[in-house]
Amino acid sequence: MKNIFQDLNKEQRVAVEHTDGPSMVIAGAGSGKTRVLTYKVAHLLNQGVDPFNILALTFTNKAAREMKERIIQLVGTGDARNVWMGTFHSIFARILRIEGHRLGYGSNFSIYDTEDSKRLINNIIKEQNLDKKVYAPNYVLGRISGAKINLMDDKQYNENFEIIQADKMAGKPRIGEIYTIYNKRLQSADAMDFDDLLFNTYILLENFPDVLHKYQHKFHYVLVDEYQDTNHVQYMIIRKLAAANENICVVGDDAQSIYGFRGANIQNILSFQRDYPDTIVFKLEQNYRSTKTIVSAANGIIVNNKEQIFKEIWTNNDAGNKIGLLRAPTDSEEGNMVAGSIFEHMMNNQLPYSAFAILYRTNAQSRAFEEALRRRNIKYRIYGGLSFYKRKEIKDLLAYFRLAINNRDEESLQRVINYPARGIGKTSMENVVIAANAAGVSLWEVVSDPKKYSLQVHGGIISRMGSFTTMIKSFSAQLKSRDAYDLAKHIASSSGILKDLYEDKTPEGVSRYENIEELLNAVKDFTDQSIADQESGEVQEDLKTLDGFMADIALLTDADDKDKEDTNHVSLMTIHAAKGLEFPYVFVVGLEENLFPSMMSLNSREDLEEERRLFYVAVTRAMKQLTLSYADNRYKWGLLSPSEASRFLEEINENFLERPMHSRPKVNTGLKSTGSSGGFTPSFGKRTLKKINKTELSQPGYDTREDDIQTGMEVEHQRFGKGKVVSIEGYGGNRKATVFFQKVGQKQLLLKFARLKVLK
DNA sequence: ACCGTATTCAGCGCG
DNA sequence: TGAATACGGT
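Per the numbering used here, the first sequence starts with residue 291, numbered consecutively.
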C-alpha cells in the first residue's frame, strides 16, 4: 500500500482525510478536484472500507473511467473494480434492472435515447393530428424532460394549474396529453427514456421503503463529482441515499456550472450547507494549471457574477505572457489569424500541434478554423461530431439487438421492420399502430399475431410480417445459448444488414460497412473478456451474452478508445466540451455580442451569469497563453452581418491584455462604424441588458428607418459601396433587401444590421 | 418504393 | 449557408 498523501497539498489532504459526515469540496479551476475525489476513494479503501459500500457518481463515462483507472493505480485492481463508480444514469440503470419489476418493468427494459424519444413524440403528434410546427418534438420533449427532472409525472402535470396556464399561453395546451400518451407508450414498450432512469429510481426509493433501506445501507459512502451540475431529481436521489449515514461528499465548482439549460440547478451546490448543517467545507484555491495572468484575468471575470461561493483562486506559477487579442474583419479572416498565430507560436517555440486548442461557443463556428488550418497543413481534430453510437448503421444493428432482447421495444421495431427493405411499408405500419393503440398492446403483439387484432393489410404483407417475427424470435431464443459475438454476427448477416451495406460501394457505404465491423469487434472484445476472467480464476457464472453487452453499452456515447494513435493535432471544440480539459495554448474565439454571450442568454441575469461562467471555463482551460479573438462581420444564416465586440472583453483588466488601451476593441455605438482609433466609451460597461435586444428595436412602428428603403433605390453600404436595391422582403427585424452592388455583386442584407444609406 | 426538389430552421449537449 | 426533412412526381 502506497502512502497516497505525499501527492497532495495540505488543503487536498485534509479534504481527503475527512471521511465521515457531510462535506463539500469547492474546487477552483485547475486545483486538483479529480485528484481529491480519486484519492478519497483510495483512502477509504486503504482504511478497509468494503468497495461495495462506496458509491461514486460522475456525469460522464469518461470521468468515471479515468477515475477508476487512477484508483487502480493507487490501490490495485481487486478493490477498485468493485466500487460502484459510474454515471448517474448507468448506476441507476443497474439498480433499475434489479428492482424495476416493482414498477412494472422487465429486467431487460430498453433505454430510449433522445433520438428514440423524439421519434416517439413525433409519432404521437402525427397520430393526434397535431401541427408539428406548434408541437415541435424538441420543445415537447423539453417540457416532458423538465417535468420528469422536477419529479412531476404526467398526472401531476395535467393537474398543475400553473403548468396548464403556461402551456395554454404558449399556444400548446395539449402537451400534457402528449406526456400521458408518451409515458403509456414507453410502458407498453418496456422502455425508459434517459429521464426515467432518474425519475423511476427516485420513485423506487420513495415508494418502497425496503428498497430505500437496502441501498441506504449498501452505500455507506456517497461521493458526487461535478455537484454544481446536478439537477433536481439527482439532488433528491442523493439526499435519500445519503440520509441514513450522511457520509456524503460532494465536489464541484459553482463558478463552472454551465449546464443550466438542461436542468442543472446551481442552487444545489449553493445551498448544500443548508441541506446538511454539519457540513464541513473545504476550498481548493491553489491553481496548478495556469499562469498568474490567466488566473487573475479569470478572477476578474467571475467577480462580475452575483451568485457564487466566495473563494480566492491563486497560483504559484509564473506571470506568463499577456492575453492576446485578435480582431478580424470577418469570421473567415478570424480563422486565418488564429491559424497564423498558431503557426507562429509553433515555429517560435518548437511546439507540437497538440499544445493548441481552439474553443468556440457554437459548433457552427468551427468551419472557418478548419479551412484555415487545412490551408496551412496544420493537423487538427474536431471534437463533438456524430459519435459512433449515433450513426445510422450502428443504431440499425443495435435496434436488431434491442428488439431481440425486448420484443416490445417499439422504436427498434419501427426502425428495422423494413430495413433492409422487406415490403412492410409506411401504410402497413400505420395500420399496425392504429390496431395496437386500439387494443392497448405493443406493436410487436400486433405484428406477430396480425389476425388476432384483425389487422387490415394484404395477405402478402401478413406473411412477410410472419417471416420477420420468426426471424426475431429465433434471435431471442438464442440469447442465452450463444455468446454475444457469435449471435451478433449471426444477426448482422441474417437480418440482411451486412449484405445491404456491402453492396453499397460509395465511400460512405464502405465506411458504414467498416463501422459495422467495428461494432462487431467491440462485441468480440466484450465476449473475450469472460475468457480472460476465467483464466484469472474468477468465478464466471455464464458466458457473456448479447443482452449483457447491450446493458453495458446502452449508455455509452463515445468510442474514443479506438483511435489513440495520432494524438498530435490541434483540438477544436465547443467550450462545453472543453470543460475539465487543459491546453498550453488556448484560443477562445468569436467574442462577440449575440454570439458569446449568446443572444438567447440576454433576457435574464441568471442566463447571462451562466454565459459568464462559460467564459470563465474557457479562459481557465489555458495553461501558458490565452488568446481571444472576434470578428467585425460574421456570416449568420447565409448572410454577412456586422457584429460588435463582446461585453466580456471589457471584463478583462487592461493590464492583462497584450494590446494597450488606445486600441481596445472598438465599441460599436451605432453612431458610426469606421476609422476613429479611440473607441473606448465609459458608458460601455454600464450597458443594460435591454439595450442589446436589437430585434425589439426593429419592430415595425418602433423604428421606421429601414422601412424607408424601397425597391429601385440607390444605396450605399459601408463595406460593399454603392448599389441598387433589387427587392425587399420580410417585416420588422427580419426585413431583408437584395442589393446589387457595383463592386461585389448581389448581396442579401438584413436591414436592421446593414445600415444602408439612401442615395437616391 | 424511391428519388430529386422544396422548405424549413438554426444553442451549448451528459446519458 | 447547409443539413434535415417533407412532399410530390415517376
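Glycine included, every Cβ here is placed at the ideal spot set by N, Cα and C.
Beta-bridge partners of residue i, as assigned by DSSP
{"i": "I613", "result": "L947"}
{"i": "V501", "result": "Paired residues: none, contrary to the question."}
{"i": "L885", "result": "S888"}
{"i": "Y511", "result": "I344"}
{"i": "S931", "result": "R924"}
{"i": "Y425", "result": "DSSP lists no partner for Y425."}
{"i": "S919", "result": "L616"}
{"i": "L846", "result": "Per DSSP, none; premise fails for L846."}
{"i": "V1048", "result": "V1005"}
{"i": "Q861", "result": "According to the sequence shown, residue 861 is Ser rather than Gln. DSSP, once it has assigned bridges, lists A647 and R671 as partnering S861."}
Close-in-space but distant-in-sequence residues of the same chain around residue i (CB under 7 Å, 5 per side omitted)
{"i": "A658", "result": "D621, S622, E624 and G625"}
{"i": "A782", "result": "L687, L788, I806 and L810"}
{"i": "F382", "result": "L487, L488 and T491"}
{"i": "R712", "result": "R754 and F758"}
Counted within 10 angstroms of its Cβ, other Cβ atoms place residue i as buried (16 or more) or exposed
{"i": "L676", "result": "exposed"}
{"i": "F758", "result": "buried"}
{"i": "D500", "result": "exposed"}
{"i": "V800", "result": "exposed"}
{"i": "H236", "result": "As shown, the chain starts at 291 and ends at 1050. That puts residue 236 outside it, with no answer to give."}
{"i": "A729", "result": "exposed"}
{"i": "H333", "result": "buried"}
{"i": "S744", "result": "exposed"}
{"i": "F816", "result": "buried"}
{"i": "Q296", "result": "exposed"}
{"i": "D608", "result": "exposed"}
{"i": "W734", "result": "buried"}
{"i": "Q337", "result": "exposed"}
{"i": "R902", "result": "buried"}
{"i": "R705", "result": "buried"}
{"i": "P567", "result": "exposed"}
{"i": "R433", "result": "buried"}
{"i": "D421", "result": "exposed"}
{"i": "Q524", "result": "buried"}
{"i": "N589", "result": "buried"}
Reduced DSSP secondary structure (H/G/I, E/B, other) of residue i
{"i": "Y673", "result": "coil"}
{"i": "I942", "result": "coil"}
{"i": "R924", "result": "strand"}
{"i": "V593", "result": "coil"}
{"i": "G838", "result": "helix"}
{"i": "Q302", "result": "helix"}
{"i": "Q576", "result": "strand"}
{"i": "I714", "result": "coil"}
{"i": "S967", "result": "Note on S967: pLDDT 30, under 50, position unreliable in the model; no value is reported."}
{"i": "I414", "result": "helix"}
{"i": "A867", "result": "helix"}
{"i": "D856", "result": "coil"}
{"i": "M314", "result": "strand"}
{"i": "F816", "result": "helix"}
{"i": "G466", "result": "helix"}
{"i": "D480", "result": "coil"}
{"i": "T605", "result": "strand"}
{"i": "Y709", "result": "coil"}
{"i": "V878", "result": "strand"}
{"i": "A726", "result": "helix"}
Contacting residues, own chain, Cβ-Cβ under 6 Å from residue i (five flanking each side not counted)
{"i": "P427", "result": "K408, I411 and N412"}
{"i": "R941", "result": "Here residue 941 turns out to be Glu, not Arg, going by the sequence shown. These residues qualify, in order along the chain: I591 and N594."}
{"i": "T549", "result": "At residue 549 the sequence reads Tyr, which differs from the Thr that was named. Hits under 6 Å: D519."}
{"i": "I752", "result": "P740"}
{"i": "N697", "result": "W734"}
{"i": "R579", "result": "G320, E872 and M913"}
Sequence-distant residues of the same chain with beta carbon closer than 8 Å to residue i, five excluded per side
{"i": "I695", "result": "N398, S400, S766, L769, L836, D837 and M840"}
{"i": "R387", "result": "S397, N398, F399 and A841"}
{"i": "N448", "result": "I454, G466, E467, Y469 and T470"}
Distance cut-off 7 Å: residue i Cβ against heavy atoms of the ligand SAH
{"i": "M719", "result": "Of the ligands one can find in the structure shown there are none, so the ligand SAH has no counterpart to examine."}
Minimum length 3: unbroken beta strand (DSSP E) runs contained in the stretch 529 to 572: 538 to 542
Extract the residue ranges of the alpha helix (DSSP H) inside the stretch 737 to 799, only unbroken runs of 4 or more that lie entirely within it.
749 to 767, 774 to 784 and 787 to 793
Ignoring anything shorter than 3 residues or poking outside the stretch 333 to 408, list the beta strand (DSSP E) runs there in chain order.
344 to 348, 374 to 377 and 400 to 402
| field | Uninterrupted alpha helix (DSSP H) stretches inside the stretch 431 to 463 (no shorter than 4 residues) | value | 444 to 449 and 451 to 459
Give the list of continuous beta strand (DSSP E) stretches no shorter than 3 residues that lie fully inside the stretch 614 to 701. 614 to 620, 646 to 650 and 670 to 672
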